[in-house]
Amino acid sequence: MEFLAAGFVYLVAAVVAVPLANRLGLGSVLGYLIAGVVIGPVLGIVGHETVELQHFAEFGVVMMLFLVGLELQPAMLWRMRTQLLGLGGLQVVGTTVAIAAVSLAFGLAWQAALALGMILALSSTAIVLQTLNEKGWMQTIGGKSAFSVLLTQDIAVIPMLALMPLLAVGTGHDDAHGAEGHGHAAPTAFDALPDWAQALAILAIIAAIILAGRTVMRPVFRFIAEARLREIFTAAALMLVIGIALAMNYVGLSPALGTFLAGVVLSDSEYRHELESDIEPFKGLLLGLFFITVGAGVDFGLLFSNPIGLVGLAVGLMALKAALLYGLATAFGLGGADRWLFTLGLAQAGEFAFVLFGFTLVAGVLPAELVSTMTLVVALSMLLTPLLFILHEKVLAPRSVASADREPDEIDEAGTVVVAGIGRVGQIITRLLVTNGYKVTVLDHDPETIENLSKIGFRAYYGDATRPDLLHSAGLETAKLFVAALDDREKQTELVRHVAHSYPNVTIHARAIDRHHVYDLENAGAHIAARETFEGALSMGRDALVALGNHPFRAETARRTFRAHDHRQLDALRETWNTEGVSASYIDAMRAHSQTLFDLMKEDRLDSFDRSERGWTPPPKGDASL
Amino acid sequence: MKPLVYIAHPRLDRSEISGPLFDVAGQTEGVTCVDLYGEYPTFEIDVAREQRRLVDHDAIVFLHPIYWYSAPAIVREWQDLVLEHGFAYGKHGHALDGKVTLNAVSCGALESSYRPEGGNGAYLRDLLAPFEKTADLCGMRYLAPFAIYGAGRAVEEARRGDHVAAWRGLLTALRDDRLDIPAARAARTLNDIAASHAAAPETA
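Listed in order, the protein sequences are those of chains Z and E. Residue 483 in the numbering used here sits at position 483 of the first sequence, and the numbers go up by one each step. Residue 663 in the numbering used here sits at position 37 of the second sequence, and the numbers go up by one each step.
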């Protein structure tokens with residue numbers, strides 16, 4: 001019960017604090033931190049056990065890097081190489097050097113100074129990306145540049161994790177402490193191997209991850225997907241991540257590195273979105289827990305012993321980072337509001353600092369007192385970030401609009417259209433759109449279809465399109481158009497209802513099974529609902545008229561008249577159907593309409609001159625105007 | 627007068643003259659604009675709606691490039707379907723009586739070609755005789771065409787700006803009843819008359 005009670009405390013803290021923080025524009029990371037502060041130092045509900053919990057929660061970081069990897073298709077990385085290496089690389093290296101220099105001046109050993117520099121060079125991906133998305137700044141030049149720097153930082157975490165142990169000062173630091181806290185430091189059978197065999201084993205495991213990702217995983221996922229058991233797919237995704245983490249632990253490498261690699265390898269796969277949706281909630285909760293434990297571990301005694309000094313350190317750190325960012329922004333040609341967004345947005349230290357501080361403690365790179373001080377400084381800098389965003393939005397951005405000479409935003413067509421269901425209907429729509437140069441993201445729950453489509457170059461992903469999280473990761477919030485083409489009547493209506501409700505800006509076109517389904521879909525929020533068989537059947541009807549000896553153009557006009565009449569009937573009966581369903585008056589109205597159509601066609605057959613059948617009819621005989 | 631501008635251009639996306647002129651018409655207060663290919667991509671023209679439009683307006687302008695000494699196909703389809711007996715002509719067809727109509731066109735060839743001694747062997751207005759005769763039969767007052775010649779090089783030769791200003795002047799003059807209708811009916815083209823009304827964009 002103790003486990004449940006503790007869990008309950010954390011959950012209550014998170015559920016109360018995170019939405020509140022979000023409402024106040026502080027972002028979820030700060031919400032978790034504040035929740036931790038409240039249940040830890042302030043109320044004293046949780047105590048020292050948080051340290052152990054933190055080691056468990058660090059697994060959220062491993063999952064986060066897996067997800068970061070999933071987002072990084074090799075092709076995209078290659079396209080962004082100048083931004084990543086130039087802007088991002090210079091930011092990481094420059095800030096590391098600057099902070100290390102300052103730390104040296106404060107009297108730190110060079111190893112500690114370098115470690116501190118690397119750790120504080122990172123910004124908060126969680127806070128910044130969330131804010132950029134929320135405010136709609138992601139597509140501005142400033143937002144895009146900030147994103148590429150964050151991406152570089154996320155990747156830079158991997159070598160940093162690898163470097164930390166090498167920076168250990170080795171002054172008889174308590175090794176036992178590390179062994180109990182972190183699995184990867186524990187002695188294993190692996191340690192008994194000779195060096196060359198160890199190196200070989202490491203290479204073998206990395207090669208295995210890449211090879212397995214390229215060859216084995218697809219059929220495995222497909223096999224699981226065909227079972228149509230969602231929780232087993234989730235289990236498989238978790239198994240993959242945990243398995244890789246264990247393997248990396250075994251050879252003494254960073255689990256985060258392994259899962260990141262696996263993520264990159266799988267980023268081309270059609271199961272990417274499904275994996276993302278499955279891991280995302282675990283990552284979110286574990287990271288949240290991690291931030292809570294950081295908050296709970298905040299040393300209030302320390303803060304109140306020297307509040308001005310600590311705030312001063314935080315402000316100094318941000319000023320130093322901002323100065324470098326401003327210089328970089330200028331060098332890379334960012335102007336006006338974009339330069340300020342980039343400068344102020346990335347000036348804080350990030351959540352990775354907490355993770356890396358943990359590693360430095362274990363490896364004995366940084367002394368414990370410094371770590372608790374800097375943890376406070378990092379948290380303070382994160383707390384100040386929302387204020388800087390507000391400063392940017394309200395003061396700096398409006399002012400620099402006039403002077404901004406930025407180029408027009410690139411139109412990012414990625415995922416302009418999302419098609420759910422790629423059966424008989426969705427396939428034709430998708431092909432027409434793709435051949436006209438539109439980028440279409442396709443979702444379907446049939447693994448075989450999806451794999452065949454990916455083979456011929458479609459951006460197709462496996463998954464149940466009625467799952468909200470999958471729609472989200474398919475990029476529906478930036479899509480212009482959503483095509484719902486499921487063949488299941490009820491699911492289709494539910495899907496349209498959900499999308500119309502959650503994404504009010506996207507236009508929805510829906511496939512309807514029949515005319516009543518048209519009304520259902522319209523009521524659910526579809527902008528256009530089209531009966532799947534209607535146009536095809538009309539063409540066949542026209543061909544039948546031709547086969548019966550009618551002139552092709554006459555048959556075509558009959559088709560058009562019929563079609564127009566049917567649409568009028570659909571409009572006319574909508575109200576009745578919406579209020580009464582298939583009632584007696586609905587049936588009467590339907591009959592009346594059919595009679596009208598019959599009369600219309602008959603009149604034309606008798607060649608009478610009548611307005612209801614117009615077009616290419618000669619003037620009445622005997623009315624010569626000239 | 628209430629002007630109604632029909633544009634007929636099957637590839638508006640790469641139009642250099644008709645498209646910009648249509649945009650200007652759309653920005654002019656009191657002018658109704660209809661994109662025929664846009665509204666009827668399958669040529670299924672809604673006759674009742676078009677006849678209502680004609681009744682509601684007094685000046686009917688067809689804005690189009692010259693294709694084979696005439697207009698793009700949808701204008702002909704529109705004529706065949708909308709100008710019905712009993713509506714536009716015939717004993718009881720007087721819905722269009724007295725309305726003003728004209729063609730605003732862009733020609734590939736130079737003006738020198740549209741002369742009796744030129745390559746096309748006739749003035750533009752004379753080549754557009756089917757439109758004029760149709761207007762006559764429907765009881766409408768046909769005005770001389772408003773034209774830009776050598777349209778393919780108008781942008782490069784910086785002639786589009788003047789043409790746009792003249793077009794804007796023509797539309798506002800029609801709207802405000804400032805156009806000299808008898809002179810516009812008698813002219814060979816409307817170009818000089820329109821240029822005398824040339825106007826900058828109205829500030830709404």
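All C-beta atoms, glycine included, are put in the ideal place defined by N, C-alpha and C.
Cβ pair residue i, residue j closer than 8 Å
i, j, result
"PHE291(Z)", "VAL29(Z)", "yes"
"ALA634(E)", "ILE700(E)", "yes"
"GLY734(E)", "GLY778(E)", "yes"
"VAL61(Z)", "LEU211(Z)", "no"
"ALA730(E)", "ARG751(E)", "no"
"ALA824(E)", "ALA792(E)", "yes"
"VAL687(E)", "LEU638(E)", "no"
"LEU736(E)", "GLY776(E)", "yes"
"VAL395(Z)", "ALA485(Z)", "no"
"VAL418(Z)", "GLY475(Z)", "yes"
"VAL12(Z)", "TYR32(Z)", "no"
"HIS273(Z)", "LEU26(Z)", "no"
"THR385(Z)", "GLN348(Z)", "yes"
"VAL265(Z)", "ARG214(Z)", "yes"
"ILE244(Z)", "ILE232(Z)", "no"
"LEU289(Z)", "ALA5(Z)", "no"
"GLY345(Z)", "ALA146(Z)", "yes"
"ASP762(E)", "LYS725(E)", "no"
Neighbouring residues, chain E, relative to residue i (Cβ below 9 Å)
i, result
"ARG614(Z)", "VAL673, ALA674, LEU707 and GLU710"
"ARG560(Z)", "THR668 and GLU670"
Pick from the options that is closest to residue i, judged by C-alpha positions
i, options, result
"ALA697(E)", "GLU782(E), SER644(E), GLU783(E) and VAL781(E)", "SER644(E)"
"LEU324(Z)", "ALA584(Z), PHE8(Z), GLY88(Z) and LEU11(Z)", "GLY88(Z)"
"TYR715(E)", "TYR666(E), SER738(E), GLU670(E) and MET766(E)", "MET766(E)"
"TYR632(E)", "ALA826(E), GLU828(E), LEU797(E) and ARG741(E)", "LEU797(E)"
"THR493(Z)", "ASP514(Z), ARG467(Z), ASP520(Z) and LEU481(Z)", "ASP520(Z)"
"VAL311(Z)", "LEU376(Z), VAL251(Z) and VAL264(Z)", "LEU376(Z)"
"VAL440(Z)", "ILE428(Z), GLU451(Z), PHE458(Z) and PRO447(Z)", "PHE458(Z)"
"PRO636(E)", "GLU670(E), ASP661(E), VAL650(E) and ARG679(E)", "ASP661(E)"
"LEU481(Z)", "ALA314(Z), TYR438(Z), ALA379(Z) and TYR462(Z)", "TYR438(Z)"
"TYR666(E)", "TRP704(E), THR760(E) and LYS725(E)", "TRP704(E)"
"LEU203(Z)", "MET248(Z), ALA589(Z), THR416(Z) and ASP588(Z)", "MET248(Z)"
"VAL627(Z)", "ILE206(Z), GLY284(Z) and LEU545(Z)", "This structure does not reach residue 627(Z), given that chain Z is present from 1 up to 626, and the question cannot be answered."
"VAL657(E)", "ARG675(E), ALA674(E) and ARG679(E)", "ARG679(E)"
"LYS455(Z)", "ASP487(Z), LEU257(Z) and GLU270(Z)", "GLU270(Z)"
"PHE282(Z)", "THR234(Z), ILE308(Z) and SER254(Z)", "THR234(Z)"
Contacting residues, own chain, Cβ-Cβ under 8 Å from residue i (five flanking each side not counted)
i, result
"VAL518(Z)", "ALA512, ALA529, ALA530, ARG531 and LEU570"
"ARG702(E)", "SER696"
"ALA809(E)", "ILE819"
"ALA500(Z)", "ILE508, ALA524, GLY525 and ALA526"
Neighbourhood of residue i by C-beta distance below 7 Å, restricted to the same chain and skipping five residues each side
i, result
"ILE279(Z)", "MET63, PHE66, LEU67, ALA237 and VAL241"
"ILE422(Z)", "THR430, VAL442, ASP444, THR449, LEU453 and ALA460"
"GLU276(Z)", "LEU67, LEU70 and SER473"
"MET239(Z)", "none"
"ALA813(E)", "ALA770 and ILE819"
"PRO563(Z)", "Strictly speaking, residue 563(Z) in this sequence is Arg, with Pro absent from that position. Taken in chain order, the residues that qualify are LEU538."
"ALA156(Z)", "VAL92"
"ALA404(Z)", "Here the model assigns ALA404(Z) a pLDDT of 39, short of 50, so the residue's position is not dependable and the matter cannot be decided."
"ARG489(Z)", "ILE513 and HIS517"
"LEU253(Z)", "ILE202"
"GLN73(Z)", "SER267 and ASP268"
"GLU407(Z)", "Its pLDDT being 39, under 50, GLU407(Z) is placed unreliably by the model, and the measurement read from it follows with that caveat. Hits under 7 Å: none found."
Spatial neighbours of residue i in its chain, beta-carbon cut-off 6 Å, leaving aside the 5 residues before and after
i, result
"ALA526(Z)", "VAL496, ILE508 and ALA510"
"VAL597(Z)", "In the sequence under discussion, the amino acid at residue 597(Z) is Leu, which differs from the Val named in the question. If we look at LEU597(Z) and ignore the five residues flanking it on each side, its Cβ neighbours are HIS565."
"LEU361(Z)", "VAL371"
"GLU180(Z)", "Any reading at GLU180(Z) needs caution, since the residue's pLDDT is 35, under 50, leaving its predicted position unreliable; the model's value is listed next. Here the set comprises nothing."
CB contact below 8 Å: residue i versus chain C
i, result
"TYR693(E)", "Absent from the structure: chain C. Protein chains present are Z and E."
**OP:** Return the chain-ordered ranges of every beta strand (DSSP E) run that is complete within the segment 664–696 of chain E and spans a minimum of 3 residues.
**Re:** 685–691
Original post:
What beta strand (DSSP E) runs, 3 residues minimum, are completely inside the segment 484–555 of chain Z?
Top reply: Within the segment 484–555 of chain Z, the runs of beta strand (DSSP E) that reach at least 3 residues and sit entirely inside it are, in chain order, 507–512 and 528–531.
**OP:** Go through the segment 41–69 of chain Z residue by residue and report every complete run of the alpha helix (DSSP H) that reaches 4 residues or more, in order.
**Re:** 50–57
Original post:
Which parts of the segment 761–785 of chain E are runs of the beta strand (DSSP E), unbroken and 3 residues or longer, counting only runs that do not cross its ends?
Top reply: Here the runs fully enclosed are 772–774.
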